[in-house]
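Number of protein chains: 2
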Amino acid sequence: MKETDFVNGFAKGLRVIEAFEDGDRRLSIAEVAKKTGLDRATVRRSLLTLVELQYADYDGKFFSLTPRILRLGHAYLSATPLPALLQPHLDHLAEKTGQSSSASVLDDIQVVYIARASQRRVMSINLTPGSRLPAYCSSMGRVLLAAMADEPVRQLLARTALRANTDRTLTDIDEIIVELGRVRQQGYAVIDQELELGLRSIAVPLKNRRGETIAALNVGAPAAHMSLTQMIEEVLPLLTDAAERLRISLM
Amino acid sequence: MKETDFVNGFAKGLRVIEAFEDGDRRLSIAEVAKKTGLDRATVRRSLLTLVELQYADYDGKFFSLTPRILRLGHAYLSATPLPALLQPHLDHLAEKTGQSSSASVLDDIQVVYIARASQRRVMSINLTPGSRLPAYCSSMGRVLLAAMADEPVRQLLARTALRANTDRTLTDIDEIIVELGRVRQQGYAVIDQELELGLRSIAVPLKNRRGETIAALNVGAPAAHMSLTQMIEEVLPLLTDAAERLRISLM
Numbered sequence: 403m404k405e406t407d408f409v410n411g412f413a414k415g416l417r418v419i420e421a422f423e424d425g426d427r428r429l430s431i432a433e434v435a436k437k438t439g440l441d442r443a444t445v446r447r448s449l450l451t452l453v454e455l456q457y458a459d460y461d462g463k464f465f466s467l468t469p470r471i472l473r474l475g476h477a478y479l480s481a482t483p484l485p486a487l488l489q490p491h492l493d494h495l496a497e498k499t500g501q502s503s504s505a506s507v508l509d510d511i512q513v514v515y516i517a518r519a520s521q522r523r524v525m526s527i528n529l530t531p532g533s534r535l536p537a538y539c540s541s542m543g544r545v546l547l548a549a550m551a552d553e554p555v556r557q558l559l560a561r562t563a564l565r566a567n568t569d570r571t572l573t574d575i576d577e578i579i580v581e582l583g584r585v586r587q588q589g590y591a592v593i594d595q596e597l598e599l600g601l602r603s604i605a606v607p608l609k610n611r612r613g614e615t616i617a618a619l620n621v622g623a624p625a626a627h628m629s630l631t632q633m634i635e636e637v638l639p640l641l642t643d644a645a646e647r648l649r650i651s652l653m
Numbered sequence: 403m404k405e406t407d408f409v410n411g412f413a414k415g416l417r418v419i420e421a422f423e424d425g426d427r428r429l430s431i432a433e434v435a436k437k438t439g440l441d442r443a444t445v446r447r448s449l450l451t452l453v454e455l456q457y458a459d460y461d462g463k464f465f466s467l468t469p470r471i472l473r474l475g476h477a478y479l480s481a482t483p484l485p486a487l488l489q490p491h492l493d494h495l496a497e498k499t500g501q502s503s504s505a506s507v508l509d510d511i512q513v514v515y516i517a518r519a520s521q522r523r524v525m526s527i528n529l530t531p532g533s534r535l536p537a538y539c540s541s542m543g544r545v546l547l548a549a550m551a552d553e554p555v556r557q558l559l560a561r562t563a564l565r566a567n568t569d570r571t572l573t574d575i576d577e578i579i580v581e582l583g584r585v586r587q588q589g590y591a592v593i594d595q596e597l598e599l600g601l602r603s604i605a606v607p608l609k610n611r612r613g614e615t616i617a618a619l620n621v622g623a624p625a626a627h628m629s630l631t632q633m634i635e636e637v638l639p640l641l642t643d644a645a646e647r648l649r650i651s652l653m
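Those protein sequence lines, which keep their order, are chains A and B. Letter by letter, the first sequence follows residues 403 to 653 in the working numbering. Letter by letter, the second sequence follows residues 403 to 653 in the working numbering.
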């Protein structure tokens, strides 16, 4: 790629959109400049362009995104057959287990939810397609990392802030690598309150016909609702069954 | 807004992203140029910029979006308190009715789903946050249009392709305006197989404390599962109750 092939104004504009994450609904030019590290003039032009295209509103002081911005994320969801293929299987898993079931893919050091079915919203975590969680301490993240070789995983983890969300969270790279070896061997990952106290989840890889892991499926439940044994004895067979059916339907 | 305040490269890049809607997962430079009306050199630079930023993949011939693009739509969803506020109410509605319940806002001539809960996926329509439907023939669209004055609605409808999806679909602007008057008066809209044969839905406005309609809530069901009378006698009270509780919790 030549330098002249890079559209700076486009790249900076996308950074401006991302500045609205993390619950910051209304932002001033100064705030977006601070969050993105871009200069105010650039931020101002990007925001005014978004307003002109009706992707954002401006009340004279603050800018906020409009629902039109959903078209961008939706371009991926509607263009990718995977979420639509997954949804009935996740609905079935959620119904059978009475819990929530999700699918995600790896995006750098995080997992991104691409589909989800939930029977009841019991967790403090509010997840929708596009939501992200750290890969190192989530069940789907462990499954997706286990599909990679150890060395690139070490590099990813070295760039990750390995925070102890609870006193059970693995934060040592060597320990995580050992755990990923176990996940690779047994074909599933269990997270027992490493992401959040009171939350357990179990995940399996979704493989295509060539045996490549293309996503992860999981079921998450409040620890009070489901023991580790139940997760492995009751939920795991449903998950592997769903992954097997999906493998057959995938190219 | 001065002309120099508009970042052309950003605006064109956003059009390139939107070209991937409608199930077109893999697109060549020529295809994106055709869909967007932009010249190939511009499309090429925009696509290569997306690849450089890992928003897109390139296999040497075709470009496809990566899940990272979900960050953009998610910036809206996470920054807006409304979807998170709505979700427990939609979950409750879906559970009580055994059907699906959604919330949406108006984006030009379409409704955009901002939250959804479904008990079972029985429709041929696969809806997720960011999905869009035509406003003129959907229950939430009717509620949102009814909140506007007749003249701007006429202008919107004049720009809409008023397609008869079924032989029940209202496609005459005057008839739609009369129906919107009825919706305004009765406080809800019912769609009986105007969008799709076999599909009924009922919607109410979600108003803030100032009485402004800020979104619509609905319940949709297969016609075989629920009569019009059931929708009005059983579902409508649940919807108005949810809207009233939400109104109190909104600023």
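Note that the Cβ used here is the ideal one computed from N, Cα and C, for glycine as well.
Item checked: Start-to-end residues for the beta strand (DSSP E) that takes in A/Arg-602 -> 601 to 609
Notebook entry, point to check: Is there a Cβ from chain B that is less than 8 Å from the Cβ of A/Ser-526?
Noted result: Note that A/Ser-526 scores a pLDDT of 43, beneath 50, so its modelled location is shaky; the value from the coordinates is reported in the next line. It does not; no Cβ of chain B falls within 8 Å.
Item checked: Distance, B/Val-445 Cα to A/Ala-517 Cα -> 30 Å
Next item on the list: Could you round the C-beta distance between B/Val-606 and B/Val-545 to whole angstroms and report it? I think they count as a contact, below 8 Å.
Entry: 6 Å
Margin query: Nearest by alpha-carbon distance to A/Ala-644: which of A/Val-621, A/His-627, A/Gln-632 and A/Ala-625 is it?
Written below: A/Val-621
Next item on the list: Check the Cβ-Cβ distances between B/Arg-470 and every residue of chain A, and say whether any is below 8 Å.
Entry: yes
Item checked: Residues bridged to A/Thr-615 (per DSSP) -> A/Lys-609
Notebook entry, point to check: In three-state terms, what does DSSP make of B/Pro-469?
Noted result: helix
Margin query: Does any residue of chain A have a CB that is nearer than 8 Å to the CB of B/Glu-454?
Written below: yes
Next item on the list: With a threshold of 7 Å, establish whether the CB of A/Arg-473 neighbours any heavy atom of the ligand NAP.
Entry: Among the components of this structure there are no ligands whatsoever, and the ligand NAP is therefore not found.
Item checked: Separation of A/Lys-414 from A/Phe-408, as counted between CA atoms -> 11 Å
Checklist line | DSSP state of B/Ala-644 mapped onto helix, strand, coil | finding: helix
Notebook entry, point to check: What residues of chain B sit near A/Ile-593, judged by a beta carbon separation below 9 Å?
Noted result: Simply none; closest approach about 21 Å.
Check: Measuring CA to CA, which of A/Arg-427, A/Leu-488 and A/Phe-464 is closest to B/Ala-486?
Finding: A/Arg-427
Check: Over what stretch of residues does the beta strand (DSSP E) that includes A/Ser-502 continue unbroken?
Finding: 502 to 509
Note to self: For B/Ile-593, list the residues DSSP reports as bridge partners.
What the structure shows: B/Ser-603
Check: Does DSSP put A/Leu-535 in a helix, in a strand, or in coil?
Finding: strand
Next item on the list: Quick one: grab the DSSP three-state call for A/Asn-567.
Entry: coil
Next item on the list: Would you kindly check if the distance between the Cβ of B/Pro-639 and the Cβ of B/Gly-600 is under 8 Å?
Entry: no
Next item on the list: For B/Pro-624, write down the residues that DSSP places opposite it in a beta bridge.
Entry: B/Leu-601
Notebook entry, point to check: For A/Ala-421, which three-state DSSP category applies?
Noted result: coil
Notebook entry, point to check: Tell me, which residues are paired with B/Ala-458 by DSSP?
Noted result: B/Leu-467
Check: Thinking just about the alpha-carbon of each residue, which of A/Ala-617, A/Ala-626 and A/His-627 is nearest to the one in A/Leu-641?
Finding: A/Ala-617
Notebook entry, point to check: Can you tell me whether DSSP reads B/Arg-518 as helix, strand or coil?
Noted result: strand
Notebook entry, point to check: Counting only beta-carbon atoms, is B/Ser-533 nearer than 8 Å to chain A?
Noted result: yes
Item checked: Rounded straight-line distance, which links the Cα of A/Lys-404 to that of A/Gly-532 -> 31 Å
Check: Does DSSP classify B/Val-409 as helix, strand or coil?
Finding: coil
Check: Are there 16 or more other CB atoms within 10 angstroms of the CB of A/Glu-596, so buried, or fewer, so exposed?
Finding: buried
Checklist line | Below-8 Å beta-carbon distance, B/His-476 vs any chain A residue | finding: yes
Note to self: I'd like the list of long-range same chain contacts for B/Ser-651, defined as Cβ closer than 7 Å, with 5 residues on each side in sequence excluded.
What the structure shows: Leu-487
Notebook entry, point to check: A/Val-514 CB to nearest chain B CB: under 8 Å?
Noted result: yes
Item checked: Whole-angstrom distance between A/Glu-553 and A/Ile-634, CA atom to CA atom -> 29 Å
Check: Which of helix, strand or coil does DSSP assign to A/Leu-488?
Finding: helix
Checklist line | Selected residue, minimal CA-CA separation from A/Thr-573, among A/Leu-450, A/Arg-565 and A/Leu-582 | finding: A/Arg-565
Note to self: Quick check on this structure: which residue in A/Tyr-590, A/Arg-612, A/Arg-649 and A/Thr-631 has the alpha carbon closest to the alpha carbon of A/Met-542?
What the structure shows: A/Tyr-590
Margin query: So B/Gly-415 contacts chain A; which residues on that side make the cut at Cβ distance below 9 Å?
Written below: Val-409, Gly-411, Phe-412, Ala-413, Gly-415 and Leu-416
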